[in-house]
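Numbering (my numbering), first residue to last: 8 to 561.
What follows is one structure encoded as structure tokens, with my remarks underneath.
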Amino acid sequence: MKTKRFISAIVAASSLLMLCSCNEEKILEEIPLDFYSPENSYVRPEHYEAAITHLYDKTRNIFYNNDDKKGFALISGSDYLRDARNDGSFSMGDYRLLTPSSVQPDYWWRQLYGVISGANTIIDRIGDANYKDEKARTQMIAEARFFRGFCYRALACLFGGVPLIVNEIKSPRRDLVRATREETYRQAANDLRFAAENLPAKKDVKAAGRLNSAAGYHYLAEMYLALEKYDSAAIAASMVIDDPAFGLMKDRFGSRKKDPGNAWWDLFQMGNYNLPENTEAIWVAQIEPDDGRKGVGNYKIERICGCVYWQLKDPKGVDGFIGPTTQNGGRGAGYLGPTSFWCEELWRDDWDNDQRNQEPNMIRDFVYDNPKSEYYGMKVSENKGTNYDTKYFCYPFQSKISQRGDHPSYLYAKEEDKLTGLLTSSAMKTYHDQYFARLAETYLIRAEAYYWDGYPEKAAADINVVRERVGCHPIGPEKVDIDYILDERLRELSFEEPRILTLGRLGLVFDRVSRFNDYIEGETISEYNNLYPIPYGEIETNTEAVLEQNPGYE
8 MKTKRFISAI
18 VAASSLLMLC
28 SCNEEKILEE
38 IPLDFYSPEN
48 SYVRPEHYEA
58 AITHLYDKTR
68 NIFYNNDDKK
78 GFALISGSDY
88 LRDARNDGSF
98 SMGDYRLLTP
108 SSVQPDYWWR
118 QLYGVISGAN
128 TIIDRIGDAN
138 YKDEKARTQM
148 IAEARFFRGF
158 CYRALACLFG
168 GVPLIVNEIK
178 SPRRDLVRAT
188 REETYRQAAN
198 DLRFAAENLP
208 AKKDVKAAGR
218 LNSAAGYHYL
228 AEMYLALEKY
238 DSAAIAASMV
248 IDDPAFGLMK
258 DRFGSRKKDP
268 GNAWWDLFQM
278 GNYNLPENTE
288 AIWVAQIEPD
298 DGRKGVGNYK
308 IERICGCVYW
318 QLKDPKGVDG
328 FIGPTTQNGG
338 RGAGYLGPTS
348 FWCEELWRDD
358 WDNDQRNQEP
368 NMIRDFVYDN
378 PKSEYYGMKV
388 SENKGTNYDT
398 KYFCYPFQSK
408 ISQRGDHPSY
418 LYAKEEDKLT
428 GLLTSSAMKT
438 YHDQYFARLA
448 ETYLIRAEAY
458 YWDGYPEKAA
468 ADINVVRERV
478 GCHPIGPEKV
488 DIDYILDERL
498 RELSFEEPRI
508 LTLGRLGLVF
518 DRVSRFNDYI
528 EGETISEYNN
538 LYPIPYGEIE
548 TNTEAVLEQN
558 PGYE
């Protein structure tokens, strides 16, 4: 078939030469016919559908992957997660190791600009495509502009001002210069505003995980915060909050609603993310495959953030556990553990009321389950073993990082293991979906807008909507400040939000990490670490202009 196409191409080219022999530009123009290129791959609506699907896939894989040092960089070395092995080897375990040659800035720079490149190609070429439905064309542009704005948002939070590339690059460029941070945020806001105004409503989206207008308004509100347009931020957030399609989940729902738990627990159970009755989900990353062995579900947050309880010894030095089990939260490897602040102080005011700090949402203690141990059935906290510590082996974590009690059947080596819950060594990933955005965060975004705009009563009211859902006491306006809002984000959004982006937007990476991370990260961070360094490779190859480095990294 390829040979026939090749011969046809030769015949067509010969005919063209005879008819247009005087037009040298036409003769020299290369139009590939037997392989894919932008010229023949962006013609029909289905081509653009494939291109936008690639952006969904790429964005999901950027944020939810299994690369320890790169993929988890936006939560590690923060005010709530630290290197549990304390050797500086994991991701942001030692801020002195963050340099222009580090893998983290290079990864996020390249990956985010990769999405921007794909979005630009769609935006630039779709005008020539054969769309019979102009509304469908506009919605495709809106999706592409959402991804572009979403990525410039992240780049600005991490690096400050970056080069603004808003058209398809068809040949290598070595003359890039940085826009200001404000200009970068403004570009993100413009793209997200177009997306919000032209994406379909939630009820009209084509498939689970597909973008809707609320996602646009949610992130637009955040960009208005970055631009200090607080009234506009509150209005954009209200577009989501006031939408009747959305509401915080307060009643039990979904696949495990008859199990012990509450509505907050139900939010994170397998299959519940995309349910029509889940009115809290705004945008969901589609992760779990039909069969995890196909390799789609590669988000190893269970392994990275879960402690190594299953290697604990009892007080006599005997193995206290039969191994990693589903009921105990899976096969954690103890790479990222919580700070002392997250473990204790964060929850103190409502310790016994906050459902997010209670079983089954929070795992704080374990029970020895090895029948060979004389401490079988006893609590670890009351019978601390010979290798007990809270740094690596036995720290608390929220069960949302795991598929607790619901691991896939192929992760049990033998049929009898299903009775004990014993998992194989392959049990380290989390195959359920992940929330890019949900309504609880939108309330906290609006609360921040009200706070900065001088309306602490309104800010407290929004915070209380989130708190009251999980059984907490309401707070008064006198308690509201940016620290309290960031603390509430931790209580609600730990292991969900890319924390370094939030702190970076506020310029508080150094402040919060130095105050609340009581490990090597807090000791080694410097104020200039509020921003990532521009990757050295980008500066070196940009030979026709100066791509300025961030201060402190020269």
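Idealized CB from N, CA, C, for every residue including glycine.
Being a predicted model, the structure only gives us computed values, none of them experimental.
State buried or exposed for residue i, treating a residue as buried only when at least 16 other CB atoms are found within 10 Å of its CB.
i: G78; result: buried
i: V553; result: exposed
i: N174; result: exposed
i: W358; result: exposed
i: D488; result: exposed
i: T128; result: buried
i: P367; result: buried
i: T286; result: buried
i: L430; result: buried
i: D238; result: exposed
i: R103; result: exposed
i: P283; result: exposed
Can you give the Cα-Cα distance for residue i and residue j, rounded to whole angstroms?
i: F201; j: D376; result: 55 angstroms
i: I197; j: L497; result: The sequence given here places Asn at residue 197; Ile does not occur at that position. Distance between the alpha carbons of N197 and L497 is about 29 angstroms.
i: Q334; j: S220; result: 38 angstroms
i: M277; j: N68; result: 19 angstroms
i: G302; j: V184; result: Low confidence applies to G302: its pLDDT is 49, below 50, so where it sits in the model is not reliable, and the reading given next is rough at best. Spanning the two alpha carbons is a distance of roughly 39 angstroms.
i: K407; j: K139; result: 44 angstroms
i: R263; j: P415; result: 15 angstroms
i: I452; j: Y560; result: 32 angstroms
i: Y535; j: R522; result: 16 angstroms
i: N549; j: P170; result: 11 angstroms
i: P505; j: E381; result: 43 angstroms
i: R132; j: F166; result: 29 angstroms
i: A136; j: S85; result: 45 angstroms
i: E150; j: L218; result: 7 angstroms
i: S388; j: W116; result: 44 angstroms
i: Q293; j: G261; result: 17 angstroms
i: L227; j: P331; result: 42 angstroms
i: F154; j: L510; result: 21 angstroms
i: E503; j: D440; result: 11 angstroms
i: H54; j: S48; result: 6 angstroms
i: L206; j: A222; result: 9 angstroms
i: M230; j: P179; result: 30 angstroms
i: G156; j: I329; result: 48 angstroms
Cutting at 6 angstroms between CB atoms, please list the residues of its own chain near residue i, excluding the five before and the five after it.
i: R512; result: C164, A233
i: Y224; result: A203, A243, M246, V247
i: P558; result: Y535
i: R519; result: D86, L510
Going by beta-carbon coordinates alone, are residue i and residue j separated by less than 8 angstroms?
i: L343; j: I370; result: no
i: Q362; j: V472; result: no
i: C479; j: Y402; result: no
i: I527; j: G100; result: yes
i: L446; j: A434; result: no
i: G606; j: A195; result: Because the chain here runs from 8 to 561, residue 606 falls outside it and cannot be looked at.
i: D182; j: E547; result: no
i: A91; j: Y399; result: yes
i: R65; j: V122; result: First, the amino acid is wrong: residue 65 is Lys here, not Arg. Result yes, Cβ atoms of K65 and V122 sit closer than 8 angstroms.
i: L493; j: A161; result: no
i: Y306; j: T437; result: yes
i: Y63; j: G216; result: yes
Excluding the 5 residues preceding and the 5 following residue i in the sequence, name in chain order all residues of the same chain whose CB lies nearer than 8 angstroms to its CB.
i: Y383; result: Y375, D376, N377
i: G461; result: none
i: R51; result: A136, N137
Between residue i and the ligand GDP, is the CB less than 7 angstroms from at least one heavy atom?
i: L538; result: This structure simply doesn't include the ligand GDP, nor any ligand for that matter.
Between which residues of its own chain and residue i is the CB-CB distance below 7 angstroms, once the five residues before and five after are set aside?
i: G268; result: P367
i: Q118; result: I69
Stretch-stretch touch, CB-based, cutoff 8 angstroms, three pairs: the stretch 458-466 with the stretch 252-265: no
Using 8 angstroms as the threshold, is the stretch 526-542 in touch with the stretch 103-116, meaning 3 or more CB pairs across them? yes
Report yes or no: do the stretch 315-333 and the stretch 392-403 share at least 3 C-beta pairs separated by less than 8 angstroms? yes
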